Structure formats: structure tokens, C-alpha cells
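A.B. asks:
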Amino acid sequence: MRISTLLLGILVGCAGSEDSDVAIDGATVYDDNCVVCHGADGDQGTEVNGTAAADLNTAVPGLSDEELAAVITDGEGSMSAVAGVADNELDPLIEFLREKFPE
Ligand code: HEC
1 MRISTLLLGI LVGCAGSEDS DVAIDGATVY DDNCVVCHGA DGDQGTEVNG
51 TAAADLNTAV PGLSDEELAA VITDGEGSMS AVAGVADNEL DPLIEFLREK
101 FPE
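In my numbering, the protein residues as written are 1 to 103.
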């Protein structure tokens, strides 16, 4: 009994420390940088220079990871590059976009 309790403690301890160190929450990155134009559900369509922000429900499935990264870091048409997304936030953000806006 004692030993199994100890092992469980070690496992839980490890999982906890890993999370707090490296995990970047893609949903938070989206909330901070994209919601203002695309909305929480991706279909807000805020106009920028007369162009509505793309509906991400249809736009995201049509783009590769590389294309998504390019849209975010370089901009696309009326959407300017999003400067607030750090390099290490890009992958978690794209992972979140894939989950939130699947095909
Ligand atoms: C200031 C408003 C604004 C913000 C902030 C913004 N976008 Fe956009 N986004 C737009 C507009 C406008 C378009 C349409 C561009 C066009 O077609 O000219 C667009 C288009 C897109 C597209 C479609 C591109 C394509 O090639 O079809 C994707 C994907 C996208 N945005 C993702 C994001 C993500 C992810 C973020 C956050 C990191 C973000 N956007 C932040 C306004 C914004």
C-alpha cells in the first residue's frame, strides 16, 4: 500500500511540473490576438478596410499548417501580420485552430 501511494505521488508530481513549465494554451493565444476580429466562434467577420474577417470555420480547414503560420506572421490581404503571437506560441495556436475549426 505504502509503495503504491508513493508511486502515485511521484507520477502526479511529475505531470504537474511539466504542465506549468512548457504548456502554452493555444486558446489563450487566440483569445488575446484573434477574437477581436474573428470572434470566439470564428464567424464574427469584423471589417478591416472594407473586407470582412474570414470565417475561420471555412477558412482554417482549407489551409495547411504552413499557410496558417504565414497568415498569422505575415498577414493576408486586409489582415495585417499579428505581432502579438510569439514564435513559441505559433504551434499551440495552430493546434487550437485545428481543434476548434475541424474540417
Ligand atoms: C484586425 C483584425 C484581425 C485580427 C486581429 C486577426 N485577423 Fe485574421 N483576418 C482578418 C481579415 C480582415 C481577414 C480577411 C483578409 C482578406 O481576405 O483580405 C482575415 C483572414 C484570416 C484568415 C484566412 C486567410 C486566407 O488565406 O483565407 C485566417 C486563417 C485568419 N485570418 C486567422 C487569424 C488568426 C489565427 C488570428 C490571430 C492570431 C487573426 N486572424 C487575427 C482580420 C483579422
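Just so it is clear, CB atoms sit at the ideal spot from N, CA and C, and this is done for glycine as well.
All values reported here derive from a predicted model rather than from experimental measurement.
To the nearest angstrom, how far is the alpha carbon of C34 from that of K100?
C.D. replies: Taking the straight line joining both Cα atoms gives about 13 Å.
A.B. asks: Go ahead and pull the three-state DSSP assignment for E103.
C.D. replies: Three-state DSSP puts E103 in coil, outside helix and strand.
A.B. asks: What's the call for G84, buried or exposed, on a 16-neighbour Cβ count within 10 Å?
C.D. replies: Burial call: exposed.
A.B. asks: Please list, in chain order, all residues of the same chain as G26 whose beta carbon is under 6 Å from its beta carbon, the five residues on each side excluded.
C.D. replies: Here the set comprises P92, L93, E95 and F96.
A.B. asks: If you check the beta carbons only, do S78 and N57 fall under 7 Å apart?
C.D. replies: No; because the gap between Cβ atoms is not below 7 Å, this pair is not in contact.
A.B. asks: Should G75 be counted as a contact of ligand 1 given a C-beta to heavy atom distance under 6 Å?
C.D. replies: Answer for G75: no, Cβ out of range of ligand 1.
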